[in-house]
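**Q**
Numbering (full-length UniProt numbering), first residue to last: 1 to 245.
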């Protein structure tokens, strides 16, 4: 990891080599890139200094993890191989760069920008090792987000959402053994909704998978939706995420 300051020389650049989706059931590479570009655009609307952390999670896949001002980070999976593993770049060029790459063939190298990894301390969320707590219909989360939006004209906060709801617990889930309870606040619901992770699927075959899966490790809560994942540091755990600018 490195951080290049003005006058310290050229920054190391992070690039992705596109690999394409090997599984015919997986989203196409073009869809992955367009969706990730859209999430980057929305994250930048929340925080103009948003960052993206690129972590290799398989032989030919990466998670592009975006910082948010809502106390969580969100990840999109892309079929690509990074030039530098677990590297951080500013998110600002990603909407343009990733959207432009959507029509490129597998094997294309896409430059994301200079590496600024010292701006994002701590380790990235692990790709594996989570214990499922419970599942929730995604429609329930969309309903909660819609309710928050209805109040947005009266109150102001990140993403234009009411601050009175951001820290309120909107979902409380308990695991099958009763030993693990997870509280999902308005901040996480706002991130899922405003970043487009829980939009209603248009394709009929995706509706059966339109659920939210909530899983945990000792340090992280992971919320998997149809169009991306959110990660929240657990109270008392070792997980750390960037603070908004």
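C-beta atoms are modelled at their ideal positions from N, C-alpha and C, and glycine is treated no differently.
Can you confirm whether the region 162-176 touches the region 133-143 when touching is taken to mean that 3 or more C-beta pairs between the two stretches lie within less than 8 Å?
**A** yes
**Q** Rounded to the nearest angstrom, how far is the Cβ of residue 51 from that of residue 194, given a contact under 8 Å?
**A** About 17 Å; that fails the 8 Å criterion.
**Q** Among the residues of its own chain, which have a CB less than 6 Å from the CB of residue 214, if the five just before and after it don't count?
**A** 133, 134, 173, 182 and 223
**Q** To test your reading of the DSSP string, which unbroken alpha helix (DSSP H) runs of 4 or more residues are found completely within the region 142-185?
**A** The region 142-185 contains these whole alpha helix (DSSP H) runs: 163-166.
**Q** Report yes if the C-beta distance between residue 64 and residue 19 is below 8 Å; otherwise report no.
**A** Contact annotation: residue 64 and residue 19 have beta-carbon atoms that are not nearer than 8 Å.
**Q** Starting from the C-beta of residue 208, find all residues in its chain whose C-beta is less than 8 Å away, skip the five residues before and the five after it, and write them out in chain order.
**A** none
**Q** Taking residue 235 as the reference, give the member of 199, 184 and 225 with the closest Cα.
**A** 184
**Q** Can you grab the Cα-Cα spacing for the pair residue 231 / residue 72, in whole Å?
**A** 6 Å
**Q** Just the C-alpha distance for residue 114 and residue 87, rounded to the nearest angstrom, thanks.
**A** When rounded, the distance between both Cα atoms is 10 Å.
**Q** Considering just the uninterrupted stretch of the alpha helix (DSSP H) at residue 117, what are its terminal residues?
**A** Careful: residue 117 lies outside any alpha helix (DSSP H) and carries neither H nor E.
**Q** What did DSSP end up calling residue 130 once you bin it into helix, strand or coil?
**A** Of the three classes helix, strand and coil, the one that applies to residue 130 here is coil, per DSSP.
**Q** Using the beta-carbon count (16 or more within 10 Å), is residue 216 buried or exposed?
**A** By the 16-neighbour rule on beta-carbons within 10 angstroms, residue 216 is buried.
**Q** Drop a sphere of 10 angstroms on the beta-carbon of residue 35, count the other beta-carbons inside from all chains shown, and report buried for 16 or more, exposed for fewer.
**A** buried
**Q** Determine the direct distance from the alpha carbon of residue 146 to that of residue 37, and round the result to whole angstroms.
**A** 23 Å
**Q** Can you tell me where the alpha helix (DSSP H) with residue 233 in it begins and where it stops?
**A** Segment 228-233 is the beta strand (DSSP E) holding residue 233; no alpha helix (DSSP H) there.
**Q** Give me whichever residues DSSP pairs with residue 31 in a beta bridge.
**A** DSSP lists no partner for residue 31.
**Q** Out of curiosity, what's the CA-to-CA distance linking residue 164 and residue 227?
**A** 27 Å
**Q** Classify residue 67 as buried or exposed, calling it buried when 16 or more other Cβ atoms lie within 10 Å of its own Cβ.
**A** Around the Cβ of residue 67, a 10 Å sphere holds 16 or more other Cβ atoms; the residue is buried.
**Q** Among 49, 218, 105 and 17, which one has its Cα closest to the Cα of residue 90?
**A** 49
**Q** Out of 186, 116, 125 and 120, which one is the CA nearest neighbour of residue 149?
**A** 186
**Q** Is it buried or exposed for residue 32, if we count other Cβ within 10 angstroms and need 16 for buried?
**A** buried
**Q** Considering only C-alpha positions, which residue in the set 221, 225 and 15 is nearest to residue 108?
**A** 15
**Q** How many angstroms separate the CA atom of residue 101 from the CA atom of residue 218?
**A** 37 Å
**Q** Hey, could you find the ends of the beta strand (DSSP E) residue 74 is sitting in?
**A** 73-78
**Q** Let me make sure I understand the geometry here. Which of 41, 28, 43 and 120 has the alpha-carbon closest to that of residue 55?
**A** The closest CA to that of residue 55, considering only 41, 28, 43 and 120, is found on 120.
**Q** Between residue 41 and the rest of its own chain, which residues show a CB-CB distance below 6 Å, the 5 nearest in sequence each way excluded?
**A** Take residue 41, set aside five residues on each side of it, and the residues of its chain with a beta-carbon closer than 6 Å to its own are 95, in chain order.
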